[in-house]
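Peer 1: The working numbering numbers the first residue of the sequence shown as 234 and each following residue consecutively.
We treat Cβ as the ideally placed atom computed from N, Cα and C, and that holds for glycine.
The structure displayed is predicted, hence computed values, not measured ones.
Once you've had a glance at the structure underneath, I'll fire off some questions.
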Amino acid sequence: MSITSKQGESELGKKSSAVRAKLIERTAKCEEVAHRGQAALAQEVVQTVDLPHQIYIDSAEGPYLTDLDGNRYIDLTGGFGPNVLGNKPEPVQAAIGPQIEKGWHYGIPNGQQAQLAELIKESSAALDEVMFCNSGSEATMFAFRAARAVKPGKKIVALFEGSYHGVHDYALVKADSKSDRSTPSSTTLGAGIPEEVSRDLMLMLPYRDTNAYELIRKHKDELALVVIEPVQSSNPRLDNQEFLQGLREVCTECEVLLMFDEVITGFRIEYGGCQQYYDIKPDLVTYGKAAGGGLPIGVVAGSKRVMNTFSGADKTPAIFAGGTFSGNPLTMAGGLACGKYLKENRKDLSLLT
Numbered sequence: 234m235s236i237t238s239k240q241g242e243s244e245l246g247k248k249s250s251a252v253r254a255k256l257i258e259r260t261a262k263c264e265e266v267a268h269r270g271q272a273a274l275a276q277e278v279v280q281t282v283d284l285p286h287q288i289y290i291d292s293a294e295g296p297y298l299t300d301l302d303g304n305r306y307i308d309l310t311g312g313f314g315p316n317v318l319g320n321k322p323e324p325v326q327a328a329i330g331p332q333i334e335k336g337w338h339y340g341i342p343n344g345q346q347a348q349l350a351e352l353i354k355e356s357s358a359a360l361d362e363v364m365f366c367n368s369g370s371e372a373t374m375f376a377f378r379a380a381r382a383v384k385p386g387k388k389i390v391a392l393f394e395g396s397y398h399g400v401h402d403y404a405l406v407k408a409d410s411k412s413d414r415s416t417p418s419s420t421t422l423g424a425g426i427p428e429e430v431s432r433d434l435m436l437m438l439p440y441r442d443t444n445a446y447e448l449i450r451k452h453k454d455e456l457a458l459v460v461i462e463p464v465q466s467s468n469p470r471l472d473n474q475e476f477l478q479g480l481r482e483v484c485t486e487c488e489v490l491l492m493f494d495e496v497i498t499g500f501r502i503e504y505g506g507c508q509q510y511y512d513i514k515p516d517l518v519t520y521g522k523a524a525g526g527g528l529p530i531g532v533v534a535g536s537k538r539v540m541n542t543f544s545g546a547d548k549t550p551a552i553f554a555g556g557t558f559s560g561n562p563l564t565m566a567g568g569l570a571c572g573k574y575l576k577e578n579r580k581d582l583s584l585l586t
């Protein structure tokens, strides 16, 4: 969110002006911290709403957020996805409290990694093995790398227009608005990404359009992986069964790997995510957000053939993948508690929002 407004108050209307004035009056501490932050913090370009200054949260519980000035707000963000059970849910709090007493980072693997991996693996018949990282962006980055390793000589990864797969260079590619929607060309999103990424290494596909099938067939000899949000975060409709089934079939036909990015949908639409909802088995799946119970997490899971790239098993060329905090005991404890709760209480939960 922006600290300073780029709009004049006259553009906001009388009612909005009154709301802004009241907000300024009630958030003096937030304003003070915002001005301090301007001198030290690099401000993100991403802006969700125009505010007179940044609102800083001091605490959160259940469906509420409380700012530095003591104002309470209804939480409509859910932490942007991870807080699937709300803020400070009792099952997660009960798990991470004792873990903090034991320690929150070892560097060496902990026993809860295997338990959470088993829980995730049980959610889908498509999953043979699981690896942990620290975010959804890391998960998709490693997944793209694994697919290229499995398909040597095939360097292109295909994404769909309107999709979001994280903040690494290969994910920050979008459809060029000037191109034909049925055969979209790709361009990079934001500065600092070489144009060769979108031009030479990525393929843009039209979402929910069977022309995507023909583009896959056309590029099959250079295409390692097709990546899709089975329910797009920017276009959250559920009537995708026919399109996804056709996509699975054409990827199998062309010997191209299919990946479901379930960072947002995983454990929500069903415990088994969109794989369960649509009864489709992808070759690779990525998770994040809800999988950690509100703590930072990324997950790559899939068939043994692809997951062998992480270990080099069965003479598979091994990729480089790792992270200092990957699979840390605090996240594993929170993820395990959240995952068990989601699995055991499905009938009482309405999670698709």
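Buried or exposed: where does residue 578 fall if 16 or more other Cβ atoms within 10 Å of its Cβ makes it buried?
Peer 2: So residue 578 ends up on the exposed side.
Peer 1: Considering only DSSP beta bridges, list what residue 468 is partnered with.
Peer 2: Bridge partners of residue 468: 465.
Peer 1: Roughly how many angstroms separate the alpha carbons of residue 418 and residue 554, rounded to a whole number?
Peer 2: Approximately 30 Å between the Cα atoms of the pair.
Peer 1: Any contact of the stretch 496–504 with the stretch 359–366, i.e. 3+ C-beta pairs under 8 Å?
Peer 2: No, the stretch 496–504 is not in contact with the stretch 359–366.
Peer 1: Over the uninterrupted beta strand (DSSP E) stretch that includes residue 294, give me the two end residues.
Peer 2: Here the beta strand (DSSP E) through residue 294 covers 290–294.
Peer 1: Which one or two residues does DSSP pair with residue 518 in a beta bridge?
Peer 2: DSSP output for residue 518 lists 493, 534 as bridge partner(s).
Peer 1: Around the C-beta of residue 496, are 16 or more other C-beta atoms found within 10 angstroms, so that it is buried, or is it exposed?
Peer 2: Counting Cβ neighbours within 10 Å, residue 496 comes out buried, since at least 16 surround it.
Peer 1: Apart from the five residues on each side of it in sequence, which residues of its chain come closer than 6 Å, Cβ to Cβ, to residue 560?
Peer 2: If we look at residue 560 and ignore the five residues flanking it on each side, its Cβ neighbours are 346, 365.
Peer 1: Let me know the alpha helix (DSSP H) ranges lying completely inside the stretch 356–391, each 4 residues or longer, listed in chain order.
Peer 2: Counting only runs of 4 or more, we get 369–383.
Peer 1: On the criterion of 16 or more Cβ atoms from any shown chain inside 10 Å, does residue 338 qualify as buried, or is it exposed?
Peer 2: Classification for residue 338: exposed.
Peer 1: Could you tell me how far apart the beta carbons of residue 443 and residue 479 are, in whole angstroms, since I believe they sit closer than 8 Å?
Peer 2: Sure, about 7 Å apart at Cβ, within 8 Å.
Peer 1: Can you tell me which of the three DSSP states residue 587 falls into?
Peer 2: The structure shown does not extend to residue 587, since the chain is modelled only from 234 through 586, so no value can be given for it.
Peer 1: If we count the other Cβ atoms within 10 Å of its Cβ and call it buried at 16 or more, is residue 242 buried or exposed?
Peer 2: Any answer about residue 242 is weak, because its pLDDT of 41 lies below 50 and its placement is not dependable; what the coordinates show is given next. It is exposed - the Cβ of residue 242 has fewer than 16 other Cβ atoms within 10 Å.
Peer 1: Would you tell me roughly how many angstroms separate the C-alpha atoms of residue 296 and residue 314, rounded to the nearest one?
Peer 2: About 13 Å.
Peer 1: For residue 521, count the other beta carbons within 10 Å of its own beta carbon; 16 or more makes it buried, fewer makes it exposed. Which is it?
Peer 2: With 16 or more other Cβ atoms within 10 Å, it is buried.
Peer 1: Quick one: Cα of residue 509 to Cα of residue 466, how far?
Peer 2: Going from the Cα of residue 509 to the Cα of residue 466 covers about 18 Å.
Peer 1: Please state whether DSSP places residue 305 in a helix, a strand or coil.
Peer 2: If DSSP states are grouped into helix, strand and coil, residue 305 belongs with the strands.
Peer 1: Ends of the beta strand (DSSP E) at residue 421?
Peer 2: First-last of the beta strand (DSSP E) with residue 421: 419–421.
Peer 1: What are the residues that DSSP puts in a beta bridge with residue 408?
Peer 2: 419, per the DSSP bridge assignment.
Peer 1: Mind checking whether residue 387 and residue 378 have CB atoms under 8 Å apart?
Peer 2: Going by C-beta atoms, residue 387 is not nearer than 8 Å to residue 378.
Peer 1: With residue 456 and residue 389 assumed to form a contact (beta carbons below 8 Å), what rounded beta-carbon distance in angstroms separates them?
Peer 2: Contact flag correct, Cβ pair sits at about 5 Å.
Peer 1: Go ahead and pull the three-state DSSP assignment for residue 445.
Peer 2: Correct three-state label for residue 445: helix.
Peer 1: Which residue comes first and which comes last in the beta strand (DSSP E) that contains residue 438?
Peer 2: Its beta strand (DSSP E) spans residues 435–438.
Peer 1: Using the beta-carbon count (16 or more within 10 Å), is residue 309 buried or exposed?
Peer 2: Exposed: under 16 other Cβ atoms inside 10 Å.
Peer 1: Apart from the five residues just before and just after residue 477, which ones in its own chain have a Cβ nearer than 7 Å to its Cβ?
Peer 2: Closer than 7 Å at the Cβ level, and outside the excluded window around residue 477, lie 463, 511, 513.
Peer 1: Could you check the C-alpha separation between residue 544 and residue 375 for me, to the nearest Å?
Peer 2: One C-alpha to the other measures close to 13 Å.
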